[in-house]
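In this note's numbering, the protein residues as written are 11 to 203. Where a beta carbon is used, it is the ideal one built from N, C-alpha and C, also for glycine. If you're wondering where the values come from, they're calculated on a predicted model, not measured in any experiment.
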């Protein structure tokens, strides 16, 4: 029996914890309200009361889990303000790719939630807000002391494309080294002076 069936919890936060655990073990599409109810020790009414729908609960759980995963990567980067930005970026990419492989169901759920958002204006708005927070957090990838919104936007865009490649065709997905080399080449081509 999956671990998500063993948890015994009951509040809104506990429902979120159960949903996160089920997402990590089963993915978005295969996580049912029965899974979450069993994991939380509650009933369907608790999900409806606190979140309205399964999709809203799963989306909230996915957004929080993804944000936690990315923040853990950011927190592990060298905090020294004199650290070489190239070293920080490469370390970020290496740890991001490791996260894609070690937490594959979480990242698959991330993609699935974006597909669900195509059919829900409310979910689109929630994910849009989460995306804006992510861009702000990612603006520190190159320099922990000085945020750069352009870097946050580029890194967020890079994450999306890289995630899809690692989920669909990991054997041929680019490595952190390849991406770093490509970024250097793009920067040189964009500013040849």
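Leaving out five residues before and five after residue i in sequence, what residues of the same chain have Cβ atoms less than 7 angstroms from its Cβ?
i	result
residue 103	186, 189, 190
Keeping to the same chain, check which residues put their C-beta closer than 8 angstroms to that of residue i; ignore five residues upstream and five downstream.
i	result
residue 15	The pLDDT assigned to residue 15 is 49, lower than 50, so where the model puts this residue is not dependable; a value taken from the coordinates is nonetheless given after this. Answer for residue 15: 45, 48, 49, listed in chain order.
residue 173	110, 117, 120, 121
Kindly indicate which three-state DSSP category residue i falls into: helix, strand or coil?
i	result
residue 204	The structure shown does not extend to residue 204, since the chain is modelled only from 11 to 203, so the question has no answer here.
residue 6	Limits of the chain in this structure are 11 at one end and 203 at the other, which puts residue 6 out of reach.
residue 156	coil
residue 128	coil
residue 90	coil
residue 53	coil
residue 40	coil
residue 167	helix
residue 179	coil
residue 60	helix
residue 201	coil
residue 185	coil
residue 162	helix
residue 118	helix
residue 47	helix
residue 151	coil
Rounded to whole angstroms, how far is the Cβ of residue i from the Cβ of residue j, which I believe are closer than 8 angstroms?
i	j	result
residue 177	residue 121	7 angstroms
residue 181	residue 175	Residue 181 to residue 175, Cβ: 10 angstroms. No contact.
residue 147	residue 84	6 angstroms
residue 133	residue 126	6 angstroms
residue 79	residue 113	6 angstroms
Leaving out five residues before and five after residue i in sequence, what residues of the same chain have Cβ atoms less than 6 angstroms from its Cβ?
i	result
residue 202	none
residue 75	30, 116
Are at least three pairs of beta-carbons, each pair with one atom in the region 91-100 and one in the region 55-67, less than 8 angstroms apart? no
Stretch-stretch touch, CB-based, cutoff 8 angstroms, three pairs: the region 70-83 with the region 19-31: yes
With a cut-off of 8 angstroms, do at least 3 Cβ pairs link the region 141-153 to the region 164-173? yes
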